[in-house]
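Reading through the structure tokens given below for one structure.
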Amino acid sequence: MTTAKTHTANARAKAPRTASKEERRKQLIDATIASIRKYGISGTTMTTITKIAGLSTGLANFHFKSKEILFQETLRFLAEEHHEQWKKSYEQAKLAPEAKLMAIVAAHFHPKICSRKKIAVWYGFFGEASARASYRLLVNEIDAERRELSTRLCKQIIAEGGYVTVDADDVTYSLEGLYDGFWLNILMYPGEFTRFDAMKRIQVYLAQVFPDHFSRPA
Numbered sequence: 001m002t003t004a005k006t007h008t009a010n011a012r013a014k015a016p017r018t019a020s021k022e023e024r025r026k027q028l029i030d031a032t033i034a035s036i037r038k039y040g041i042s043g044t045t046m047t048t049i050t051k052i053a054g055l056s057t058g059l060a061n062f063h064f065k066s067k068e069i070l071f072q073e074t075l076r077f078l079a080e081e082h083h084e085q086w087k088k089s090y091e092q093a094k095l096a097p098e099a100k101l102m103a104i105v106a107a108h109f110h111p112k113i114c115s116r117k118k119i120a121v122w123y124g125f126f127g128e129a130s131a132r133a134s135y136r137l138l139v140n141e142i143d144a145e146r147r148e149l150s151t152r153l154c155k156q157i158i159a160e161g162g163y164v165t166v167d168a169d170d171v172t173y174s175l176e177g178l179y180d181g182f183w184l185n186i187l188m189y190p191g192e193f194t195r196f197d198a199m200k201r202i203q204v205y206l207a208q209v210f211p212d213h214f215s216r217p218a
């Protein structure tokens, strides 16, 4: 009995330290995002990150060992956040395949995901030629899952609507290209192109491809 009580007390004592560790890691990841947006990948150092975070370089090295590891974990955080958002949107959408496909579209432009700060970081990572391949590996599995799901939904829509000339893979890859292109427009032309513009144009595209399942926005 005494041993059990001691174990419980120890677990309670450790909980705050565990939470503090996760908070510090998140604080450093947030600071990395802010630094990359402000200084770019090449201009971001442990010094710029820790200055924004208000933490010491020693503490940053304790949690992440190196800047490259911190970069990788920052990209992983963004990828997992994106994944969780579109999965949640997909699962909450109505059963119709067109509703689920549009939910995936909308998740790309959710304000939590589609902020200029975060988009700048995505493009910063993939614009870094020397590390592009390693960064790509971090998100390949998540991207593949989304593409496979989108293709499956497109196949269902094609079967329902008798769209015999439409190829599901072509639609999926067109959507992926539109996501990337519209994110770039949002980053480059904030006063002229918004996430609402992006969703509207994708809906126009889907209405052209699947006219019986999607309507053109008003």
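Residue 145 in UniProt numbering sits at position 145 of the sequence shown; the count goes up by one each step and never skips.
All C-beta atoms in this analysis are idealised placements derived from N, C-alpha and C, irrespective of residue type, glycine included.
- The beta carbon of residue 103 lies closer than 6 Å to those of 89, 90 and 93 in the same chain, with the five residues before and after it left out.
- Taking 8 Å as the upper bound for CB-CB distance, residue 52 and residue 66 are not in contact here, some 18 Å apart.
- According to the DSSP assignment, residue 171 belongs to the alpha helix (DSSP H) that extends over 168-188.
- Residue 43 and residue 155 have their C-alpha atoms spaced approximately 45 Å apart.
- A Cβ-Cβ distance of about 6 Å is found for the pair residue 117 and residue 33, placing them in contact under the 8 Å criterion.
- In this structure, residue 78 places its C-beta atom within 9 Å of the C-beta atom of residue 122.
- For the set 22, 73 and 164, the Cα lying nearest the Cα of residue 138 is the one of 73.
- In the displayed model, residue 218 falls within coil according to three-state DSSP, outside both helix and strand.
- Two segments are said to touch when three or more pairs of C-beta atoms, one from each, lie closer than 8 Å; by this definition the segment 203-212 touches the segment 161-176.
- Rounded to the nearest whole angstrom, the C-alpha separation of residue 215 and residue 47 is 51 Å.
- The beta carbon of residue 178 lies closer than 6 Å to those of 202 in the same chain, with the five residues before and after it left out.
- Annotation for residue 200: 217 place their beta carbon closer than 8 Å to its own, counting only its chain and skipping 5 residues before and after.
- For residue 39, the three-state secondary structure derived from DSSP is helix.
- Residues 119 of the same chain have their beta carbon placed closer than 6 Å to that of residue 183, with the five preceding and five following residues left out of the count.
- Nearest Cα to residue 27 within the set 157, 49 and 45: 49.
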